[in-house]
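Worksheet: one structure, shown below.
Okay, structure coming up:
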């Protein structure tokens with residue numbers, strides 16, 4: 001991580017039973033975000049499919065001395081999360097027609113907010129490791145960082161940010177299938193101490209356009225947090241890094 005996007009190609013699957021105007025809106029939304037990120041769309045590929053799908057293949061550049069690696073966390077570092085969790089659960093509620101308008105708007109705001117801005121701020125500081133929270137969820141990507149660093153990440157459950165409505169939807173059983181496969185992925189690698197079932201669902205929830213998880217020395221954490229919290233979405237310190245002992249992630 002830490003690179004700058006230069007060009008992007010659209011990759012879109014679209015059914016012939018939907019109005020072509022919907023496809024136009026999808027492509028416009030993608031193009032708007034590509035421009036915001038500082039890149040340009042130079043073409044793409046389209047496929048007829050029963051289910052709409054959209055994504056981008058992006059090419060960028062990065063200075064070799066400014067690459068953010070998802071390993072290298074040091075003992076005593078703090079862990080910072082730049083977006084709330086829960087978009088997967090809220091999206092499941094949306095698909096089922098059960099999400100409130102407020103929950104819908106919160107999830108959309110999280111998903112359309114680029115990590116570009118938090119990343120640019122983080123580049124000003126001596127970050128020891130960084131990753132983005134996407135399909136493997138907070139626990140899966142956290143495990144990858146902790147494993148790569150050979151450290152234990154101790155997470156304090158009361159400090160983990162989440163979309164408020166995700167708790168209610170989890171208790172209703174509106175949990176994406178990916179949440180369960182994420183548990184299997186790191187089975188035996190984590191420990192949950194007195195973590196409520198709904199929060200466990202959120203911790204393993206696969207995210208769409210999730211935030212950054214950053215580790216940095218405690219000495220710079222306050223200044224980094226002050227800058228991050230000038231952005232639209234609040235950042236939170238969620239835990240700390242310890243010498244490895246038995247588990248890569250402990251949530252308590």
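Residue numbers (full-length UniProt numbering): 1 to 252. Ideal Cβ placement from N, Cα and C applies to all residues, glycine included. Bear in mind that the values here come from a model prediction, so they are computed numbers and not experimental data.
Same chain, Cβ closer than 8 angstroms to residue i, neighbours up to 5 away in sequence not counted
i         : result
residue 3 : 60, 61, 62, 67
Residue interval of the alpha helix (DSSP H) (run including residue i)
i           : result
residue 143 : 137-149
residue 28  : 20-37
residue 201 : 197-203
residue 185 : 177-185
residue 190 : No alpha helix (DSSP H) contains residue 190, which is instead part of the beta strand (DSSP E) from 190-192.
residue 103 : 101-112
Where residue i falls: helix, strand or coil (DSSP)
i           : result
residue 224 : helix
residue 77  : coil
residue 163 : coil
residue 168 : helix
residue 209 : coil
residue 119 : helix
residue 243 : strand
residue 66  : coil
residue 219 : helix
residue 4   : strand
Member of the options whose CA lies at the smallest distance from the CA of residue i
i           : options         : result
residue 23  : 7, 53, 142      : 53
residue 205 : 225, 134, 196   : 134
residue 195 : 219, 158, 174   : 158
residue 16  : 50, 7, 26       : 50
residue 129 : 11, 184, 143    : 143
residue 47  : 41, 13, 76, 223 : 13
residue 137 : 126, 102, 81    : 81
Cβ-based neighbour list, residue i, same chain, cut-off 6 angstroms, excluding 5 preceding and 5 following
i           : result
residue 166 : 86, 89, 90, 202
residue 160 : 238
Element boundaries [beta strand (DSSP E), containing residue i]
i           : result
residue 46  : 40-48
residue 92  : Per DSSP, residue 92 belongs to no beta strand (DSSP E); it is in the alpha helix (DSSP H), 87-95.
residue 53  : 53-61
residue 257 : This structure cannot speak to residue 257, because the chain is shown only from 1 to 252.
residue 235 : That residue, residue 235, is in no beta strand (DSSP E); it is neither H nor E in DSSP.
residue 127 : 127-132
beta-carbon residue i near the ligand FAD non-hydrogen atom, thresh 6 angstroms
i           : result
residue 218 : As for the ligand FAD, it is missing from this structure, which has no ligand bound.
Chain-order list of residues whose beta-carbon lies under 7 angstroms from that of residue i (same chain, five-residue window excluded)
i           : result
residue 108 : none
residue 192 : 200, 251
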